[in-house]
Structure formats: structure tokens, C-alpha cells
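2 protein chains.
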Amino acid sequence: MEEYYPLLMSTSLFRGISLQGVQELVGCFKPQVKRFRKGEILLLFGYESHDVGILLEGQADGIKNTPDGAEVLITHLGPGDIFGDVLSGSSLKSPVTILARTDCIAVFFPYDKIIHPCQSLHFCHTQLMQNLVATISEKYFALNRRVDLLILKSLRAKLCTWLLEEAARQGKDTFSITLNRAGLADYLNCERSALSRELNRMQNEGLIELYKSSFKLLDKAALANQAAH
Amino acid sequence: MEEYYPLLMSTSLFRGISLQGVQELVGCFKPQVKRFRKGEILLLFGYESHDVGILLEGQADGIKNTPDGAEVLITHLGPGDIFGDVLSGSSLKSPVTILARTDCIAVFFPYDKIIHPCQSLHFCHTQLMQNLVATISEKYFALNRRVDLLILKSLRAKLCTWLLEEAARQGKDTFSITLNRAGLADYLNCERSALSRELNRMQNEGLIELYKSSFKLLDKAALANQAAH
DNA sequence: GCAAAAGCGTTGCATTGGCAACAAGGAAAC
DNA sequence: GTTTCCTTGTTGCCAATGCAACGCTTTTGC
Numbered sequence: 000m001e002e003y004y005p006l007l008m009s010t011s012l013f014r015g016i017s018l019q020g021v022q023e024l025v026g027c028f029k030p031q032v033k034r035f036r037k038g039e040i041l042l043l044f045g046y047e048s049h050d051v052g053i054l055l056e057g058q059a060d061g062i063k064n065t066p067d068g069a070e071v072l073i074t075h076l077g078p079g080d081i082f083g084d085v086l087s088g089s090s091l092k093s094p095v096t097i098l099a100r101t102d103c104i105a106v107f108f109p110y111d112k113i114i115h116p117c118q119s120l121h122f123c124h125t126q127l128m129q130n131l132v133a134t135i136s137e138k139y140f141a142l143n144r145r146v147d148l149l150i151l152k153s154l155r156a157k158l159c160t161w162l163l164e165e166a167a168r169q170g171k172d173t174f175s176i177t178l179n180r181a182g183l184a185d186y187l188n189c190e191r192s193a194l195s196r197e198l199n200r201m202q203n204e205g206l207i208e209l210y211k212s213s214f215k216l217l218d219k220a221a222l223a224n225q226a227a228h
Numbered sequence: 000m001e002e003y004y005p006l007l008m009s010t011s012l013f014r015g016i017s018l019q020g021v022q023e024l025v026g027c028f029k030p031q032v033k034r035f036r037k038g039e040i041l042l043l044f045g046y047e048s049h050d051v052g053i054l055l056e057g058q059a060d061g062i063k064n065t066p067d068g069a070e071v072l073i074t075h076l077g078p079g080d081i082f083g084d085v086l087s088g089s090s091l092k093s094p095v096t097i098l099a100r101t102d103c104i105a106v107f108f109p110y111d112k113i114i115h116p117c118q119s120l121h122f123c124h125t126q127l128m129q130n131l132v133a134t135i136s137e138k139y140f141a142l143n144r145r146v147d148l149l150i151l152k153s154l155r156a157k158l159c160t161w162l163l164e165e166a167a168r169q170g171k172d173t174f175s176i177t178l179n180r181a182g183l184a185d186y187l188n189c190e191r192s193a194l195s196r197e198l199n200r201m202q203n204e205g206l207i208e209l210y211k212s213s214f215k216l217l218d219k220a221a222l223a224n225q226a227a228h
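Going line by line, the protein sequences match chains F and L.
Under numbering that gives the first Met the number 0, the first residue of the first sequence carries the number 0, and numbering increases by one thereafter.
Under numbering that gives the first Met the number 0, the first residue of the second sequence carries the number 0, and numbering increases by one thereafter.
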């Protein structure tokens, strides 16, 4: 477990906590480390869970099955990403399945240990609880941004908004993304073909420049303007 | 303040906490009680806040301004409803404005007092922290359900899904709602006219029965079936 | 009690974007 | 090296639905 302390310290759950603090907390919580083979399930849709999971190694996806049996990608997880946090403190069922895309190692912290300050009242425990709340809140805000995108009426507006946000997030006007076209279409809730068509139009209009999965914003003012329509 | 203890005990933040516990916590936190006149602002869009608010009296709305200046209703709050909770533990700006629709009284609990177990280690404090996490998580899940609705492709599917969920939530197949047509159209992200048109069609097809803002589900199997398309 | 505003339904029209089908290039599997 | 699959682009067609306009009814404000 020790080898993962630096990774833990870089996660949103342990940020601001010293190495010593992490050691104390891990010693106190006795979290379980589990290995998963590619294709195995870390967290199953429709079940309760009262553990906060952190992916230590490998890649996993949060997926959901639509009524007609198709599989929708919700999130992608890499080392250091947290899962099950929103779920662990509620009595609700998981809205997603977390599926290992490669062999994975994850560690599971029992929620009730996190939320109960123990006798020894570790100084860092308060920080951990704050971090838990902040982590969940951030997921709420991320979802909220997605809702803001989804309620835009035109695909053009969605794309403009998304491009500007992504540029701001990456801090540059030329950027590339990991999502492929189908994934982006899912995220924006549109057809892949319609997405291609619209990106093409925007390129022709001189708003953006495309090369594979990299984007270059040429006219941010126009983009911002069209984001409102 | 004492007069509101029963109301507090019925909120999601204080549920499961005894009257004595509420007294201890209130005594310890010294929350501020504020009065607002109709039209005044309880929480302003774009600002940080580190208080958890509970509406004690009156009615308030969570609203957001669209780029083109219009006002979109996000939530409606009545006595006992919590606001600012998701915000208080993060360093982000409020995505909404909370606006008093009538004269209001609200109480504000400082987040850092909630999250820091104090010296006297009140037994009920742990419960309160759990409740805070659960309250935020519930808001996340509510938003998540909305996303699930929004990504459905057809208005018919959205309506079927929403009707079934609402019936389940209210525990009966005949129910009425507080949202008006425009509000429901907003929630489902469609045109008010299109909503009317579709509801009418569904009534003609014998799926539902309408009377003003009350709905009667006549064929839940068919509704469930069409929710998938 | 009256005027103004809000809520709801209705309809015609124009457009968006969903759907299906196909092609081409590149990556992966064998 | 060959085959298969995956990803992306492209295009025609058309149904769903956004938009605008109007009228009726109910509610609110004065």
C-alpha cells in the first residue's frame, strides 16, 4: 500500500493532507485493496455501496445500460480517480456500473470510518471529511455543467459552449481531446453524423480548425455569440 | 429560534437527531437568522458562500439567467428546504440565485462549524455530518435523474419516463403537480406548445387522462414501453 | 368590478437534426 | 500480409419539434 501514498496524496480526497497524515488515516481505516481483471466489475449498477473507492492502477469506465440494452459511457476513470463517493453516504442504488477496461487495482475506504471522527481525533481527519464533501460537490457541479449544455436548443450552441469551456479548462485555444467522435456526440446528446456535419460547417465558416481530435478556435467572439442562440 | 426546532428536525440535515441534539448543535453553532423581503436575494449567482442555509418561512426560487437575459427556474424552495449546501464545501461560485418570492426567514449555519467536530464532541454531530453528505448526495442524484430525462431523444419518451417517475414518487397513479405547463416544459427542455400537443396526443391514445394539473396514468405498461423509444 | 396579466390550448410553417446507408482510411487481430 | 473491425466523414430523406401567432379562460391586482 505504501507505494501508493504519493498517488493518494494527489487525489481530491487526500489533497492538503501530509504524508504522515495519510499514513495515520490508512492505518486507522484499514482500507481494502482489491485487484480486478479486465472486464470485471468494481461497482454494480443498482446496488448499494458504502465504500469510497480510489482507482490505483489501470483504466475503468462508468457505464449505464439504456432500456434498449445499449451501453452508454458516463465517465472514464484513471489512477487517482474517486468512485462510489456520492453513493456511499446515501441509501440509494448505484446509477452506474464501474467496469475494468484493463487490469485494475483499487482501494476501498469504508464510508462510516471516514465520516466518524475516531477517538484519537487525527488532525487530518477533518481535512479528509472536508475533502469528501468537496469531492462530491465537484461532481455535482460537473453534472450541472453538463445539464447547462444539454438544455441548449441547437447543436451549434452546444458545440460553441463546449469548445469554449474545453479551451478554458485546458488553458489554450488549440487543444486535443481524448473522447472520440462517438463519445463527444454522446456527451452532447446528438447524432455522430450530425456532429460531423456541424463541425464541418463551423470549419467552413472559419470559426474553428479541425485536425483529427485536435481543435483550434479561430474566432472566440463569434463562438461566444453563437453559444447564446 | 426555539419555535423552529420541530421544523429543523424534519429537514434532511437534522433528520435522526433528537430535540436535545438540535438544541446542543444550535447552541454550539450560533447560526444566523435573517429576514428577507419579497424580491430580496438569499444567495447570489456567481458568488462564493460558506454557509448552509435552511428556509424557515416563506417561498423562494432558485433561478438562473440565460445568456439572452431570460430567467430560468431551477428549483422551488419552501420551509425546511436546504440551500447552499453543495456550494458551502467547495470553492466554486454559485450556479444559481436564490430569490425570495414572498417574505422569508432563513437560518444560516457556518460550514466550517458543521465540518469541524468541536471539543465537546457532541454525539449528534457525526449524524449531522452524515446528513450533510447525504443531503448533497441526494441533490446529485436528483440532478442525475434529470440528465437521464434530458438525454432521451423524443418528447414522448421524456414524458412517459417523467410520468412514471412522478407516479412512483407520489405513490399513486393519479396525482397532481405544482409545476405549471411552462415549468414542466422547462424541466423537460421542450416547447410549451409541443408539450401540450404531445399530452393531448397521449390522451387521445388512451395512455393518460388530464385534468388541469392532475394526471391519471391509464396504461402504465404502454408508458413504460414508450419510455424506451 | 374591472383591467391587466398569466396560464393553457391550438395551429401552420420552417428547420433541425435523427436515421440509415455507404465509403474510405487506419488500427488491430490473427 | 491479410482480414476484420473501428473510426470518421458524407449525404438524402423526413419526422419531430421549435417558433410565432392567436384566442380563450382563469387569476391577480387595484
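Glycine residues also receive a C-beta, built at the ideal position from the N, C-alpha and C atoms.
Because the structure is a prediction, the values reported are computed rather than measured.
A direct Cα-Cα distance of roughly 20 Å separates R100/L from Y46/L. Within chain L, no residue has its CB atom less than 9 Å from the CB of A221/F, the nearest being about 14 Å off. Under a criterion of Cβ atoms nearer than 8 Å, the residues of chain L adjacent to H115/F are, in order, T125.
H75/F and V95/F have their C-alpha atoms spaced approximately 12 Å apart. Between S213/L and S175/L, the CB-CB gap stays under 8 Å. Contacts with chain F at 8 Å (Cβ-Cβ) do not include L194/L. Across the structure, T65/F and A226/L are spaced so that their CA atoms are roughly 11 Å apart. With a threshold of 8 Å between beta carbons, P94/L makes contact with chain F. Less than 8 Å divides the Cβ of R36/L from the Cβ of D102/L.
Under a 10 Å Cβ-count criterion, P5/F is classified as exposed, with fewer than 16 other Cβ atoms of the shown protein chains found around its own Cβ. For the pair N130/L and L24/L, the CB atoms are not nearer than the 8 Å cut-off. Along the segment 178 to 189 of chain F, the positions whose C-beta sits under 8 Å from a C-beta of chain L are N188, read in chain order. Using a Cβ-Cβ distance cut-off of 8 Å, the segment 202 to 213 of chain L and the segment 162 to 178 of chain L are in contact, since at least three pairs of beta carbons, one from each stretch, lie closer than that value. L41/F is not a Cβ neighbour of P78/F, given a cutoff of 8 Å. Look at the beta carbons and you see the segment 107 to 127 of chain F touching the segment 106 to 125 of chain L: at least three pairs across the two are nearer than 8 Å. Counting only the Cα atoms, F107/L lies some 14 Å from V21/L.
Apart from the 5 residues on each side of it in sequence, L198/L sits with its Cβ closer than 8 Å to the Cβ of L158, I207, L209 in its chain, given in chain order. DSSP places H49/L outside both helix and strand once states are collapsed to three, so it counts as coil. Out of M0/L, C27/L, Y186/L, Q202/L, the CA that lies nearest to the CA of I53/L is found in M0/L. Around Y110/L, the same chain offers H49, D50, V51, S87, G88 as residues with beta carbons nearer than 7 Å, after the five sequence neighbours per side are excluded.
For R36/F, there is no enclosing alpha helix (DSSP H), as DSSP gives it neither H nor E. For the segment 8 to 23 of chain L, no residue has a beta-carbon sitting nearer than 8 Å to a beta-carbon of chain F. Selection K219/F, E204/F, A105/F evaluated against W161/F yields K219/F as nearest (Cα-Cα). L216/L: member of the beta strand (DSSP E) spanning 213 to 216, first to last residue. Between T134/F and D84/F a beta carbon distance of about 5 Å is seen, short of the 8 Å cut, so the two are scored as contacting.
Listed in chain order, the non-local C-beta contacts of R191/F below 7 Å within the same chain comprise R180, A181, A184, local neighbours out to five positions each way being set aside. Beta-bridge pairing by DSSP links I97/L to L42/L, G61/L. Contact between L216/F and A166/F is confirmed by a C-beta separation of about 6 Å, below the 8 Å threshold. Minimum Cα-Cα distance from L148/L among the listed residues C189/L, Q169/L, H121/L, K171/L corresponds to C189/L.
Secondary structure at C27/F: helix, using DSSP grouped into helix, strand and coil.
Annotation for E165/L: no beta strand (DSSP E) segment contains it, though the alpha helix (DSSP H) segment containing it runs 154 to 169. Beyond the five residues adjoining it in sequence on each side, I73/F comes within less than 7 Å, by CB distance, of G61, I62, K63, V95 in the same chain, given in chain order. Around A133/F, the beta-carbon contacts reaching into chain L at under 9 Å are G88, S89, S90. Interface flag for K29/F against chain L is unset, since no Cβ pair is found closer than 8 Å. The Cβ-Cβ distance between A59/L and I104/L does not fall below 8 Å. Nearest in C-alpha terms to K138/L, of all of P30/L, F82/L, E164/L, C27/L, is F82/L.
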